[in-house]
Amino acid sequence: MKIEHILVPVDFSQFSEVVIHYAFQIALQYSARLTLFHAVILFQDDVDEEQRLDEYQQLLALREERIAVQMQHHLEEYLHRMSF
-2 MKIEHILVPV DFSQFSEVVI HYAFQIALQY SARLTLFHAV ILFQDDVDEE
48 QRLDEYQQLL ALREERIAVQ MQHHLEEYLH RMSF
C-alpha cells in the first residue's frame, strides 16, 4: 500500500503538536503530501441562522486569520526544532 496523502486534524493543543510530528515523519518516509485540517463549528441549533449569517461570516474570517497565524507560528517552530 502506498500512502500518498495524510490528513491530520489539529486543534493547536500539545497533543496536536505530537500528532503533527509523527505525521510529518510518516509523510517524509512515504513521500506523501501532508494536510493539516482545523474544523470550526459555525452553527449550533440557532433559530435565527439567517439573521446571524453576517455575524458568523465575520467570525469565520477572524478565525481563519487567527488560525493562519497560529499555523505559521507552529510550522516555523517545528521547522526550527527539526533543523537542529
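Quick note on my numbering: the sequence shown kicks off at -2 and runs consecutively. C-beta: ideal position from N, C-alpha, C; glycine also.
Beta-bridge pairing of residue i - partner residues as DSSP gives them
i, result
"LEU4", "THR32"
Limits of the unbroken alpha helix (DSSP H) element including residue i
i, result
"SER13", "11 to 27"
Identity of the residue in the options nearest residue i by Cα
i, options, result
"ALA36", "PHE9, ARG49, TYR19", "PHE9"
"VAL7", "ARG49, ILE64, LEU50", "ILE64"
"MET68", "ARG49, LEU50, LEU33, MET79", "LEU33"
**Prompt:** Pairing CB atoms from the stretch 20 to 35 with CB atoms from the stretch -2 to 10, are three or more of them under 8 Å?
**Reply:** yes
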